[in-house]
Amino acid sequence: MTESDASDISYIKAAKAVDKDVILECINVHKTYLLGANAVAALRGIDLVIKKQEFLTIMGPSGCGKTTLLNLLGGLDYPTRGKIMLEGKDMGKFSDNMLADLRRDRIGYVFQFYNLLPLMSALENVMIPLHFQGVLSQKQKVDRAMSLLAMVGLADRAKHTPSELSGGEQQRVAIARSLANNPAIVLLDEPTGDLDSKTSREILELIRELNLKGATFVASTHDKRVPLFAKRNLDILDGRLVHEKIIEAGEVVSERDIKQNVDQDLDLDEQIKLIKAHVKARGGIAALKKIKSIDDIKVEGDTVIRKSSGKEVSMMQHDLETSSKKIAGPVPVEAKAAGDSQKDLDAAYTEIENITRVYRKITLDKLQKKLGIALKTPLADVIVQAIKKKVFNGYFDGDVFVREMGAEQ
Ligand SMILES: Nc1ncnc2c1ncn2[C@@H]1O[C@H](COP(=O)(O)OP(=O)(O)O)[C@@H](O)[C@H]1O
Ligand SMILES: [Mg+2]
247 MTESDASDIS
257 YIKAAKAVDK
267 DVILECINVH
277 KTYLLGANAV
287 AALRGIDLVI
297 KKQEFLTIMG
307 PSGCGKTTLL
317 NLLGGLDYPT
327 RGKIMLEGKD
337 MGKFSDNMLA
347 DLRRDRIGYV
357 FQFYNLLPLM
367 SALENVMIPL
377 HFQGVLSQKQ
387 KVDRAMSLLA
397 MVGLADRAKH
407 TPSELSGGEQ
417 QRVAIARSLA
427 NNPAIVLLDE
437 PTGDLDSKTS
447 REILELIREL
457 NLKGATFVAS
467 THDKRVPLFA
477 KRNLDILDGR
487 LVHEKIIEAG
497 EVVSERDIKQ
507 NVDQDLDLDE
517 QIKLIKAHVK
527 ARGGIAALKK
537 IKSIDDIKVE
547 GDTVIRKSSG
557 KEVSMMQHDL
567 ETSSKKIAGP
577 VPVEAKAAGD
587 SQKDLDAAYT
597 EIENITRVYR
607 KITLDKLQKK
617 LGIALKTPLA
627 DVIVQAIKKK
637 VFNGYFDGDV
647 FVREMGAEQ
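Here it is as structure tokens:
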């Protein structure tokens with residue numbers, strides 16, 4: 247039996263056992279949105295087990311249900327049918343308050359557009375979830391947030407606000423924030439969705455590194471480069487999981503995979519770097535030995551050649567240059583579904599209105615805490631949007647939101 251067979255079997259055994267290693271489980275989950283007279287079946291029977299220390303990617307084209315699935319996994323929305331179990335407990339049976347607690351303590355989120363609070367420094371953004379828990383002293387919070395920033399390589403950017411950070415740096419802050427309360431699992435919606443290919447790679451390497459240190463991640467993506475960094479990928483299509491792939495140490499460098507899995511849009515050097523990085527992180531020297539021929543990849547003219555078991559396998563480099571130019575630009579952002587979470591946002595704005603009517607001056611912490619209890623909507627998102635859209639009258643005086651009563655009708 248080879249090493250890889252052994253790990254396959256232990257994986258399958260472990261997946262079958264309903265044990266404490268299972269973090270999330272979907273049982274025949276359906277989600278149908280009602281849009282006027284139309285019903286949109288966004289998820290149609292998802293069965294899924296996510297275990298501790300996984301790095302799972304869920305890959306599929308725009309509109310196939312990725313965001314819907316992540317929202318359900320994260321307790322931000324409910325399935326229309328089926329069950330979602332978080333650490334053995336049926337989330338459908340939780341009260342809103344219990345769900346709010348769970349979202350705060352057990353689940354980390356990285357939303358598609360980072361959703362950092364623009365008024366706050368990187369450090370303060372990372373401290374937000376720590377405020378909700380209310381266990382640590384201010385100094386402990388600062389220390390914890392600083393160590394999280396250091397972990398994502400941003401110790402020297404702690405004082406910068408999001409507008410002073412690059413997209414990749416903002417994403418790092420969002421990742422640091424998602425880990426603040428030591429969640430059981432971090433959900434990332436299109437973590438590389440609007441990053442260039444080099445920055446995407448760096449972010450994925452960071453996620454992989456954190457995963458190898460023990461954190462559990464589920465990332466949605468429409469980008470087929472992303473699963474190369476993961477341990478397991480599920481393809482999703484029209485609301486159904488259609489194909490599973492366990493990504494093993496070095497698997498990606500088989501001839502078949504060079505042809506099929508390595509992104510044609512990357513230029514050759516990038517591909518080779520990617521493959522090597524992948525192998526290194528997967529199992530270091532052991533993996534390299536298993537593959538033997540990682541250094542066999544060479545370029546001749548327009549062709550990539552790899553020698554394997556005496557055979558030469560080649561692959562054309564055609565169109566790579568134009569493709570890499572194409573992806574070096576901004577990655578097209580998925581169109582947001584009409585009405586997507588608008589209802590939640592509306593509810594959040596109303597809630598902000600209500601809260602600030604009662605508390606004419608309220609600290610951002612307190613506002614967020616109150617919102618967190620009242621709503622299922624991601625707080626940072628809501629507040630950023632509300633501030634941007636000026637949907638309520640007021641301003642922030644440092645950390646305190648001041649309601650402008652005069653401006654009220
Ligand atoms: N709030 C909503 N109301 C109605 N339809 C929605 C809503 N959110 C998503 N949808 C629809 O559900 C399907 C899946 O959407 P989504 O989960 O956002 O896909 P993805 O993230 O894979 O692009 C799409 O057809 C989308 O238009
Ligand atoms: Mg989406």
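Residues are numbered in our numbering as their position in the sequence shown, beginning at 1, plus a constant of 246. The beta-carbon is built from N, C-alpha and C at its ideal position, and this holds for glycine as well.
- Task: Give every residue of the same chain whose Cβ lies closer than 6 Å to the Cβ of G328, excluding the five residues on either side of it in the sequence, and list them in chain order.
- Result: Working through the sequence shown from its first residue, we reach residue 328 at position 82. Contacts found: I273, N274, V275 and H276.
| DSSP three-state assignment for F340, whether helix, strand or coil | As a working mapping, residue 340 is identified with position 94 in the sequence shown. Of the three classes helix, strand and coil, the one that applies to F340 here is coil, per DSSP.
Exercise for review: Using 10 angstroms around the beta-carbon of Q614, count the other beta-carbons present and answer buried if the total reaches 16, otherwise exposed.
Suggested key: Mapped onto the sequence shown, residue 614 falls at position 368. Buried: at least 16 other Cβ atoms inside 10 Å.
Review point. For P408, which option in V381, A391, S367 and E436 has the closest C-alpha, if you only look at C-alpha atoms?
Key: Counted from its first residue, the sequence shown places residue 408 at position 162. That would be S367, whose Cα lies nearest to the Cα of P408.
task = State the beta-bridge partners of H276 as determined by DSSP.
result = One-based indexing of the sequence shown puts residue 276 at position 30. BP columns for H276 point to R290 and R327.
Run through DSSP, which three-state label would E271 get?
Your numbering for residue 271 matches position 25 in the sequence shown. In the structure shown, E271 sits in a strand (DSSP, three-state: E or B).
Sorted by chain position, which residues of the same chain lie with C-beta nearer than 7 Å to V286's C-beta, five sequence neighbours on each side aside? Locating residue 286 in the sequence shown gives position 40, where the first residue counts as 1. Counting only Cβ-Cβ distances below 7 Å, and skipping sequence neighbours, we find T278 and Y279.
query = Within the present structure, is the beta-carbon of E490 separated from the nearest heavy atom of ligand 2 by less than 7 Å?
reply = Your numbering for residue 490 matches position 244 in the sequence shown. No, the Cβ of E490 stays beyond 7 Å of every heavy atom of ligand 2.
Review point. With 16 other CB atoms within 10 Å as the buried threshold, where does P364 fall?
Key: As a position in the sequence shown, residue 364 is number 118, starting the count at 1. Looking at its Cβ environment, which holds fewer than 16 other Cβ atoms inside 10 Å, P364 is exposed.
* To do: For the stretch 397-452, list the beta strand (DSSP E) runs that are entirely contained and at least 3 residues long, ordered along the chain.
  => 431-435
query: What number of angstroms, rounded off, separates the C-alpha of A404 from the C-alpha of S393?
result: On the sequence shown, residue 404 is found 158 positions in, with the first residue counted as 1. On the sequence shown, residue 393 is found 147 positions in, with the first residue counted as 1. About 10 Å.
### Message
Does L483 pass the burial test, meaning 16 or more other C-beta atoms within 10 Å, or should it be called exposed?
### Response
The count along the sequence shown starts at 1 and reaches residue 483 at position 237. Its Cβ having fewer than 16 others within 10 Å, L483 is exposed.
#### Entry: Sequence-distant residues of its chain with Cβ nearer than 7 Å to V398 (five each side left out)
Numbered from 1 along the sequence shown, position 152 holds the residue referred to as residue 398. Within the same chain, V398 has close Cβ partners R418, I421, A422 and L452.
Alpha carbon to alpha carbon, what distance is there between T438 and K387? By one-based count along the sequence shown, residue 387 stands at place 141. By one-based count along the sequence shown, residue 438 stands at place 192. Their Cα atoms are separated by approximately 28 Å.
| message | Using 8 Å as the cut-off, can you tell me whether the stretch 305-313 makes contact with the stretch 342-351, which would need three or more C-beta pairs spanning the two stretches below that distance? | response | no
| message | Can you tell me where the alpha helix (DSSP H) holding N361 begins and where it ends? | response | The count along the sequence shown starts at 1 and reaches residue 361 at position 115. No alpha helix (DSSP H) holds N361; DSSP gives it neither H nor E.
Query raised in the report: How far does the alpha helix (DSSP H) with L487 in it reach, from first residue to last?
Result: Taking the first residue of the sequence shown as 1, we reach residue 487 at position 241. Taken as a continuous stretch (DSSP letters only), L487 belongs to no alpha helix (DSSP H), being part of the beta strand (DSSP E) at R486 to I492.
*Tell me whether the beta-carbon of L425 lies closer than 8 Å to the beta-carbon of G354.*
Counting from 1 along the sequence shown, the entry for residue 425 is found at position 179. Counting from 1 along the sequence shown, the entry for residue 354 is found at position 108. Cβ atoms of L425 and G354: closer than 8 Å.
For a quick check, are the C-beta atoms of A222 and I269 less than 8 Å apart? Past the boundaries of the shown model lies residue 222; the chain is included only from 247 to 655, so the question cannot be answered.
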